[in-house]
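Have a look at the structure below, then the notes.
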Amino acid sequence: MKNKVYILGGAQTDFERNWTKEGKTMLALLKEVTADGLVSAGLSFDDIRGLNQDNRVACFVGNFIAEKYTEQGHLGAFLTEVNPAFYGVPSARYEAACASGSVAIDAAQTKIQVGDYDVAVVIGWELMKTVDSKAGGDFLGRAAFYDKESKGIDLPFPKLFGRLADETIKKYGLDETRYMDALAQIAVINYANAKRNPLAQTRKWFMSAEQAKLRGTDTNPYVGGRLAVSDCSQVTDGAAVVVLATEKFVRERQIKDKPILKGYGHRVAPMLFDKKMKEAQDSAYILPWTRQAVLDAYRRSDLSVDDIDVFETHDCFTSSEYAAISAFGLTEPGREYEAVESGWIAFDGQKAINPSGGLIGCGHPVGASGVRMFLDLYKQVTGTAGSYQIKGAQNAIMLNIGGSATTNYVFVVGREGRVVV
Amino acid sequence: MMNICTVTVIGATGTMGANVAGIFASFGNARVYCIGRDIEKVKRTIPRIVKSVRADAIASKLIPADFSEMDSCVAKSDLVFESTAEDIEVKMEIAQKVGKALKKTAISCTGTSGLCITSLAEYYPEDVRSHFFGVHMFNPPYSMPLCELTPTIYSDLELFGELRHYLSEILFRTVVEVKDSPAFLGNRIGFQFINEALQYADRYKDNGGIDYIDAILGSFTGRTMAPLTTSDFVGLDVHKAIVDNIYQNTCDYAHKTFLLPDFFQKLIVNKMLGRKTGGGLYQLVHYDNGLKRQTVYDINTGMYRDVIPYVFPFADKMKRYLSEGDYVKAFDCLVHNHSQEAEICLSFLLKYIVYSLYATEEVGYTIDAADDVMAAGFNWCPPLAMYQALSTVAEVPALISERLPEIDAIIDIDRLLTGIKPSKYDYRLYFRSGR
Chain B
18 MKNKVYILGG AQTDFERNWT KEGKTMLALL KEVTADGLVS AGLSFDDIRG
68 LNQDNRVACF VGNFIAEKYT EQGHLGAFLT EVNPAFYGVP SARYEAACAS
118 GSVAIDAAQT KIQVGDYDVA VVIGWELMKT VDSKAGGDFL GRAAFYDKES
168 KGIDLPFPKL FGRLADETIK KYGLDETRYM DALAQIAVIN YANAKRNPLA
218 QTRKWFMSAE QAKLRGTDTN PYVGGRLAVS DCSQVTDGAA VVVLATEKFV
268 RERQIKDKPI LKGYGHRVAP MLFDKKMKEA QDSAYILPWT RQAVLDAYRR
318 SDLSVDDIDV FETHDCFTSS EYAAISAFGL TEPGREYEAV ESGWIAFDGQ
368 KAINPSGGLI GCGHPVGASG VRMFLDLYKQ VTGTAGSYQI KGAQNAIMLN
418 IGGSATTNYV FVVGREGRVV V
Chain U
84 MMNICTVTVI GATGTMGANV AGIFASFGNA RVYCIGRDIE KVKRTIPRIV
134 KSVRADAIAS KLIPADFSEM DSCVAKSDLV FESTAEDIEV KMEIAQKVGK
184 ALKKTAISCT GTSGLCITSL AEYYPEDVRS HFFGVHMFNP PYSMPLCELT
234 PTIYSDLELF GELRHYLSEI LFRTVVEVKD SPAFLGNRIG FQFINEALQY
284 ADRYKDNGGI DYIDAILGSF TGRTMAPLTT SDFVGLDVHK AIVDNIYQNT
334 CDYAHKTFLL PDFFQKLIVN KMLGRKTGGG LYQLVHYDNG LKRQTVYDIN
384 TGMYRDVIPY VFPFADKMKR YLSEGDYVKA FDCLVHNHSQ EAEICLSFLL
434 KYIVYSLYAT EEVGYTIDAA DDVMAAGFNW CPPLAMYQAL STVAEVPALI
484 SERLPEIDAI IDIDRLLTGI KPSKYDYRLY FRSGR
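Protein sequences, first through last, are from chains B and U.
If you read the first sequence in the working numbering, its first letter stands for residue 18, the second for the next number, and so on.
If you read the second sequence in the working numbering, its first letter stands for residue 84, the second for the next number, and so on.
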């Protein structure tokens, strides 16, 4: 029988920080976030030592491409530099482009479910400000089919998600202005939400509907087809930690009121964007495998969209959040604009998406984003999200994607048992 | 709730005036009349304002005007923000004009940090005097959200509450209520530190002076920029105006630390006012081939020379530890190293804690005020966070008595430290591994 997977807590770094400007290395980033994450989970480095004596703890590191950004690989083992308490602790790095954090969580939850370990420390991180945006854009191009979609192309990803915007308009015969205005509104909501999040990268920045619609100006230039800077997530330095545990551990330590992982979905779509679109011709959804990953997570958690109070999605671009709306089941495919226009997905709406600010507002350190989202689900369902708390949240879902919606990861986190009204 | 649709900024071509206009037009979504003496100069300033908040969307909300249009602009405004030169004559005249044209429901603010707000209020007609407040922002306000808010004895307190709400909730400012005291709180604390650093540069001129002290108090001590580099950046004239004002109008235990050394006065007389004039405490020399060289004013010779790449073992170690996130080890180096440089460094950080707590009692209302002003106005590790940082390796009260005997003798440190509490700011991000 599978074990329940409890979430004990976690932490994220302040995504406004530029670690290169602070003169700090990846080691500093990892030391800070690990220390904070363990404190939040009620654990100490001595606890890790103690658990490790009986082989009860393991570490799972999510990172996309530190080999490029910081010239460092072997990132699981690297934790031994963070603290000697990690000597001997099983640890490895997991990679699935921008979904690296999620694949690390997935590996961790699997080990907890089967009871191999009682505590799993998941660390997602990326330092991206070590290079300029052109070089960084090229590194990220490796999340696509580099030779065919990225090589020699300036900022390949904005262009791919610009094409997603084109294809969305085409597939559903949308009114262009209506669609682009919905994308602008998605950006505005994410920026507005980030203002409530004390760890969000853009919390001091200005954005308005007017500014988001003024694409093609000096302060909002086009970056990929019809998408402008305001439609993009950020280049971010950051890390996030979550700590998972078995029911045995939770009982042993008499830990109360911790949420559980209720279900997951993991589906991989064709690598090439063209093949994705070709395959999607037969589906009502523009990203059918993204939708399928959501359906898998609903099925495994025995929940439906009606049960979900908070959504965290992968708004690497406004066009990806747009597609996520129907993938979550919030609207029919092709009618996503309704959820945007009606204010349904805004902070005070019925189905808030990205109360954290998402990748556009909170920031997108690629290898950390999956873990950061998972941490935000934890905060929301435990009522510890502070100024960006969605009142009474019981269940929350996240969608983390890698590449051009190639790897699709979905997790549902919630309080144990159903609330009977 | 306060509804501010139209704003007039008087003195909109100045650095602060322009940047504040950008804040009202962006976050405040207000139509802003930008008033300057020369309408052409105002027009040229508009793109700079747009750039300051990175938003072309505000361009259409910025309306250039000159002083001849001031009355009509003010009459249409819900809020007037005066940001002219720190000259009582100029501000008095503007106060009288604004007072006459101001709507009875509107608010008038001054951005001054050098003049008494209450005295300025007295130039307003009685019927609008209660609508006048001090609203002191820091530069650049887009990234430095501090706003020191000062009511006067005449102020309508209900309106004051609404203004406070507008500034914090609509304009996203870190609002700190301060008393009508010279230079308010942020500059009082910040320039005590900077000016004493300047005095130390003079005292240690044989060791190098300016660059010597900046190397001791660099970004690894909890700030973005070393203190004398900050003075050079702010402008020597502005620095002088701030410390002279404090020196002349306050009297506390640190009174003498607000005196300017002679060499600094000399630089001002010679119009070497800092970065804005191409030279001051430092001078960046540009060569025809595009190369640049940073030079520094040598107090002994009165000439600019190359900056000395000082290597102090304590600082070197601290930077290495900080770069790998070993904060406790870094602070341990500072506290347990007894070189002249480490002792100067630590004494400054301790004096900073003590003076911040002392000044916040006099000028602010809560102990958090000192933290807010230094974090949001200077981007320095705020005093409570600094206390926490040093507490990781030492008993700070004992350290203060040991390292600051002269201050310990005249100030009741124990009483001052009774209100100490954990900071809401994270000290780690302020201690940088760099010069």
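Positions of the beta carbon are idealized from the N, C-alpha and C atoms, including for glycine.
Query	Result
Run through DSSP, which three-state label would R270 of chain B get?	coil
Over the uninterrupted alpha helix (DSSP H) stretch that includes F243 of chain U, give me the two end residues.	L240 to H248
Assign H338 of chain U to buried or exposed, taking buried as 16 or more other Cβ atoms, counted over all protein chains shown, within 10 Å of its Cβ.	exposed
State the CB to CB distance for the pair Q471 of chain U and S439 of chain U, rounded to an integer number of angstroms; the pair is presumed to be in contact (CB under 8 Å).	Going by Cβ atoms, the distance from Q471 of chain U to S439 of chain U rounds to 13 Å, so no, they are not a contact pair.
Could you tell me which chain B residues have their CB closer than 9 Å to the CB of G517 of chain U, listed as they occur along the chain?	K38, E39 and G40
Taking C-alpha atoms, which residue in U:C416, U:H219, U:S226 and U:T384 lies nearest to T233 of chain U?	U:H219
For M441 of chain B, which residues does DSSP report across the bridge?	In this structure chain B extends from 18 to 438, so residue 441 of chain B is not present and cannot be described.
For a contact meaning CB atoms closer than 8 Å, what does T234 of chain B contact in chain U?	D139
Using a Cβ cut-off of 7 Å, pull out every chain B residue sitting near F110 of chain U, in sequence order please.	F223
Entirely within the stretch 196 to 260 of chain B and at least 4 residues each: give me those alpha helix (DSSP H) ranges in chain order.	226 to 230
I'd like the ranges of any alpha helix (DSSP H) spanning at least 4 consecutive residues and lying wholly in the stretch 114 to 155 of chain U.	122 to 135
Which word fits N332 of chain U, buried or exposed, when buried means at least 16 other C-beta atoms lie within 10 angstroms of its C-beta?	exposed
Can you check whether the C-beta of L44 of chain B is within less than 8 Å of a C-beta belonging to chain U?	yes
Listed from N- to C-terminal order along the chain, which residues in the stretch 194 to 225 of chain B have their beta-carbon within a distance smaller than 7 Å of any beta-carbon of chain U?	K212, K221, F223 and S225
Closest Cβ-Cβ distance between L405 of chain U and chain B: below 8 Å?	yes
Could you tell me whether the stretch 67 to 86 of chain B touches the stretch 289 to 305 of chain B, where touching means 3 or more Cβ pairs closer than 8 Å?	no
So A256 of chain B and P382 of chain B are supposed to be a Cβ contact under 8 Å. How far apart are they, rounded?	7 Å
If you draw a straight line from the C-alpha of F391 of chain B to the C-alpha of L261 of chain B, how long is it?	11 Å
Going by C-alpha to C-alpha distance, which of B:T399, B:K279, B:D299 and B:A209 sits closest to G360 of chain B?	B:A209
Would you kindly check if the distance between the Cβ of A45 of chain B and the Cβ of E407 of chain U is under 8 Å?	yes
Less than 6 Å between C-beta atoms, sequence neighbours within five positions excluded: which residues of the same chain meet that for R376 of chain U?	V368
When we look at the beta-carbon of N207 of chain B and count the other beta-carbons within 10 Å, is it buried (16 or more) or exposed?	buried
Could you have a look at I503 of chain U and say whether DSSP puts it in helix, strand or coil?	coil
For a test of the three-state rule: what should DSSP assign to W142 of chain B, helix, strand or coil?	strand
Determine the DSSP secondary structure at G357 of chain U, reduced to helix, strand or coil.	strand
Here's the rule I'm using: 16 or more other beta-carbon atoms within 10 Å means buried, otherwise exposed. How should A492 of chain U be labelled?	exposed
Cβ of F255 of chain U less than 8 Å from any chain B Cβ?	yes
8 Å is my cut-off, CB to CB: does K48 of chain B come that close to chain U?	yes
List the residues of chain U whose Cβ lies closer than 9 Å to the Cβ of N237 of chain B, in chain order.	R137, A138, D139 and A140
Is the separation between the beta-carbon of I277 of chain U and that of I427 of chain U shorter than 8 Å?	no
In or out: C88 of chain U buried (at least 16 other Cβ within 10 Å) or exposed?	exposed
Out of curiosity, what's the CA-to-CA distance linking L246 of chain U and K186 of chain U?	16 Å
Name the residues in the stretch 209 to 238 of chain U whose C-beta lies less than 8 Å from a C-beta of chain B; which are they?	Y225, S226 and P228
Evaluate V437 of chain B with the Cβ neighbour count: other Cβ atoms within 10 Å of its Cβ, from every protein chain shown; 16 or more gives buried, anything less gives exposed.	Any answer about V437 of chain B is weak, because its pLDDT of 46 lies below 50 and its placement is not dependable; what the coordinates show is given next. Counting Cβ neighbours within 10 Å, V437 of chain B comes out exposed, since fewer than 16 surround it.
Leaving out five residues before and five after Q251 of chain B in sequence, what residues of the same chain have Cβ atoms less than 6 Å from its Cβ?	Q218, G380 and H381
Jot down the residue ranges of each uninterrupted alpha helix (DSSP H) in the stretch 307 to 379 of chain U, minimum 4 residues, whole runs only, in chain order.	310 to 317, 319 to 332 and 345 to 352
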